[in-house]
Amino acid sequence: MRVRTDIFVSALMRRVFARGDFAAVEVKGAEAAGAVFVRQMFRDGTESLHAPAPQSFFDSEESDTRLFETRLERVAAHAVAEAVDRERRFDSDLWVVSVETDDLAGLIDFAEDSPKDDGFFRR
């Protein structure tokens with residue numbers, strides 16, 4: 001069973017603060033099952049946007065984990081803001097968490113870069 005979104009976001013923020021970085025909830029969505037987008041801000045003013053990975057990246061054992069994929073990498077802040085606005089028009093229940101850190105390692109898990117091939121379906 002997947003952890004509620006509000007608990008996941010709270011744990012993410014605690015981990016960020018424990019490392020000495022900063023995080024804030026920019027948009028609060030559905031508490032039980034909202035999608036989480038992570039807006040990563042760098043010192044040079046660029047940003048990256050990390051979104052929930054498509055279901056094709058999940059094995060049946062991994063259905064309770066949250067995996068992310070990078071949608072935008074080190075672009076201008078307005079490009080990330082526009083992407084978030086488009087996503088919010090599609091899904092009003094999503095969360096946006098802004099994180100000021102140069103490295104997200106250990107904070108969120110990323111999906112594999114290459115699709116999985118189980119011999120029958122290429123995912």
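In UniProt numbering, the protein residues as written are 1 to 123. For every residue, glycine included, the Cβ atom is placed at its ideal position computed from N, Cα and C.
Contacting residues, own chain, Cβ-Cβ under 6 Å from residue i (five flanking each side not counted)
{"i": "residue 71", "result": "49 and 51"}
{"i": "residue 16", "result": "23 and 99"}
Enclosing alpha helix (DSSP H) for residue i [first to last residue]
{"i": "residue 94", "result": "Residue 94 -> no alpha helix (DSSP H), and no H or E assigned at all."}
{"i": "residue 12", "result": "5-18"}
Same chain only: Cβ atoms within 7 Å of residue i, ignoring 5 sequence neighbours per side
{"i": "residue 21", "result": "99, 100 and 101"}
{"i": "residue 6", "result": "31"}
{"i": "residue 10", "result": "none"}
Proximity of residue i and residue j at Cβ, strictly below 8 Å
{"i": "residue 94", "j": "residue 8", "result": "no"}
{"i": "residue 39", "j": "residue 75", "result": "no"}
Own chain, CB closer than 8 Å to residue i, minus 5 neighbours either side, in chain order
{"i": "residue 46", "result": "74, 75, 76 and 77"}
Q. Is the stretch 25-34 in contact with the stretch 99-110, if contact means three or more CB pairs nearer than 8 Å?
A. no
Q.
I'd like the ranges of any beta strand (DSSP E) spanning at least 3 consecutive residues and lying wholly in the stretch 22-81.
A. Within the stretch 22-81, the beta strand (DSSP E) runs of at least 3 residues that lie entirely inside it are, in chain order, 22-27, 36-41, 47-52 and 67-75.
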